[in-house]
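J.:
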Amino acid sequence: MQHTLKHAPYERHVHFRRGNMTKAVAPYTARQCWGGVIMPNTAPHILTPEDAVEYRDFIISITGKNFTPFMVGYLTAVTSPEEVKRGYKAGLWSAMKVYPRAAGGHGTTNAEDGINMLELANHPALPIMQEIGMPLLIHPEVNVDKNGVETDEFDREKLCVAVLRNLRRRFKRLKISAEHGTSVELAKFMERYGDPETMVCTVTTQHLMHDRNDLLRGGFQPHLRCYPIMKRRESRDAWRALTTSGAPFVGAGTDSAPHPTHAKERARGCAGGVFTAHAMVPLYTQVFDEMNSLEYLDNFLGVNGLSFLGLEPKLAEIVLTKQPWTMDKMIPVAHGDKVRPYGFHEDPDERFQFQWSIDSISCDQ
Ligand code: NCD
Ligand code: ZN
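Numbering (the numbering used here), first residue to last: 1 to 365.
(1) Going by other Cβ atoms of all chains shown within 10 Å of its Cβ, with 16 needed for buried, is P124 buried or exposed?
(2) Taking the Cβ atom as the reference point for each residue, do F354 and L306 lie within a distance shorter than 8 Å?
(3) Between H106 and the ligand NCD, is there a pair consisting of the residue's CB and a ligand heavy atom that are separated by less than 7 Å?
(4) So does the region 233 to 244 actually touch the region 337 to 354, counting three or more Cβ pairs closer than 8 Å?
(5) If you reduce the DSSP assignment to three classes, tell me which class W93 lands in.
(6) Look at the alpha carbon of L164 and the alpha carbon of R351, and state the distance between them as a whole number of angstroms.
(7) Answer yes or no: the CB of E255 versus the heavy atoms of the ligand ZN, is any distance below 7 Å?
(8) Please give the ranges of any alpha helix (DSSP H) in the region 98 to 173, keeping only runs that are unbroken, at least 4 residues long and fully inside the region.
(9) For a test of your reading of the model: does the CB of H13 fall under 7 Å from any non-hydrogen atom of the ligand ZN? Yes or no.
(10) Since T321 contacts D359 with CB under 8 Å, what's their CB separation in whole angstroms?
(11) With DSSP run on the structure shown, which of helix, strand or coil describes T42?
(12) Give a yes or no on whether the C-beta atoms belonging to G35 and F67 are separated by under 8 Å.
(13) Does the Cβ of M39 lie closer than 7 Å to at least one heavy atom of the ligand ZN?
(14) Relative to the C-alpha of V25, which residue among W356, P313, N299 and A279 is closest?
(15) Give the range of the alpha helix (DSSP H) segment to which W239 is assigned.
(16) What do you reckon, are the CB atoms on A43 and N143 nearer than 8 Å?
(17) Closer than 7 Å by C-beta to V161: which residues in its own chain qualify, once you throw out the five before and the five after it? Chain order, please.
(18) Below 8 Å, can you find three or more Cβ-Cβ pairs linking the region 286 to 293 to the region 211 to 226?
(19) Suppose you measure from the CA of G336 to the CA of A263; what does that come to, to the nearest Å?
(20) Looking at the strands, I want to know which residues DSSP matches up with C201.
(21) Would E119 be called buried (16 or more neighbouring beta carbons within 10 Å of its own) or exposed?
(22) On the CB-based measure, 16 or more other CB atoms within 10 Å of its CB, does D298 come out buried or exposed?
(23) L224 and H210: beta carbons closer than 8 Å?
(24) How is the beta strand (DSSP E) around Q2 delimited, first residue to last?
(25) Relative to the C-alpha of E370, which residue among G91, K175 and A8 is closest?
(26) Using the beta-carbon count (16 or more within 10 Å), is P260 buried or exposed?
(27) Taking just the CA atoms, how far does H45 sit from S61?
(28) Go ahead and pull the three-state DSSP assignment for M190.
(29) Excluding sequence positions up to five away, which residues of its chain have a Cβ less than 7 Å from the Cβ of T63?
(30) With 16 as the cutoff for other CB atoms within 10 Å, does K6 come out buried or exposed?
(31) Please specify which runs of the alpha helix (DSSP H), each continuous and at least 4 residues long, are wholly inside the region 289 to 326, giving them in chain order.
(32) Going along the chain, which residues of its own chain have a beta-carbon closer than 8 Å to the beta-carbon of V72, five neighbours each way excluded?
(33) Rounded to a whole number of angstroms, what is the C-alpha to C-alpha distance between P258 and V339?
(34) Since I believe T205 is in contact with T276 (beta carbons under 8 Å), could you give me their beta-carbon distance rounded to a whole number of angstroms?
Pasting the structure below:
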């Protein structure tokens with residue numbers, strides 16, 4: 001069985017890190033996508049337009065010019081509106097990303113400079129972003145309540161729906177992207193308020209494929225640990241239904257987030273993030289196939305959300321074949337560090353069977 005895509009896939013949310021890690025992981029995305037939204041929670045973060053340019057040039061030095069990174073700034077409590085605007089007008093960065101600040105460090109990777117989500121609507125950059133049409137990408141979780149008390153992790157996304165609703169009311173034209181949706185509550189919010197120009201969302205492969213039982217099956221599974229945490233089966237199914245319904249405001253953002261094995265496979269502490277970049281197109285295709293919705297896959301991968309970002313989709317011919325394969329190796333980084341890619345296991349019998357593979361790609365440049 002074959003399926004052909006008419007547009008080149010676009011990655012709406014990916015972590016490339018810096019240095020040797022970028023060298024190890026970026027080529028996997030660049031092989032499948034013509035561009036991608038590169039997350040700014042690097043160490044150090046992308047805090048200024050000049051940081052973004054330097055990072056963009058480094059990425060292109062690895063991927064080559066056929067991959068176009070979409071550069072994003074890290075919005076902190078002290079980011080100045082003038083700086084945001086200056087970088088946008090000069091084409092140095094194209095969107096801002098906001099992370100929720102966590103209580104006592106119990107949040108996502110490098111989010112210590114994030115914002116208290118309950119105060120986001122008062123950030124002085126928002127009116128200017130609305131005015132200039134610059135997208136705000138939101139990690140939609142509320143980690144601390146109004147009394148400063150840590151929230152239950154499984155409720156954090158649900159609690160952020162009120163924040164999104166309030167933002168929508170206060171800034172009617174602000175371009176908002178709710179990243180990596182996981183909960184039934186956010187899926188319902190998107191069904192109601194989703195709009196291809198002003199209110200979009202992304203969804204990862206792991207949240208379409210797994211629920212929290214998988215995270216805890218036979219013990220804690222560190223390689224399925226990511227932020228937001230996996231939810232109930234009902235939530236997974238709500239996102240499978242919304243994603244494969246053809247909704248034009250839902251797009252493919254893997255949130256592929258590499259961490260060396262020593263940061264994930266350890267007794268105390270587990271870095272959040274799943275590395276799926278090597279299998280982006282195969283995994284999403286598998287979900288759409290399982291949902292008998294392959295007719296909507298092309299838009300999901302290569303069209304949805306592009307106009308929101310101010311981009312034009314790119315025509316291509318990509319032939320996908322239903323031909324099972326397994327990932328048979330770890331990804332070497334440097335100095336002995338390795339990333340365990342989704343689906344790899346030392347025991348060949350335990351490896352995940354990817355159902356679809358990319359047969360050929362030809363893309364208009
Ligand atoms: C991401 C990372 O490791 O940078 N981790 C994750 O679990 N998703 C950060 C993020 O997007 O929250
Ligand atoms: Zn992310």
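Don't be surprised by glycine CBs; every beta carbon is placed ideally from N, CA and C.
T.: Quick answer:
(1) exposed
(2) no
(3) no
(4) no
(5) coil
(6) 39 Å
(7) At residue 255 the sequence reads Asp, which differs from the Glu that was named. Yes, the ligand ZN has a heavy atom inside 7 Å of this Cβ.
(8) 125 to 132 and 156 to 170
(9) yes
(10) 4 Å
(11) coil
(12) yes
(13) yes
(14) A279
(15) R233 to T243
(16) no
(17) E185, L186 and F189
(18) no
(19) 13 Å
(20) A178 and V250
(21) exposed
(22) buried
(23) yes
(24) Q2 to H7
(25) Nothing can be reported for residue 370: it is not among the residues displayed for the chain, which extend from 1 to 365.
(26) buried
(27) 19 Å
(28) helix
(29) A26, P27 and A30
(30) exposed
(31) 297 to 302
(32) V37, I38, M39, P40, I46, A52, W93, S94, A95, M96, K97 and L137
(33) 6 Å
(34) 5 Å
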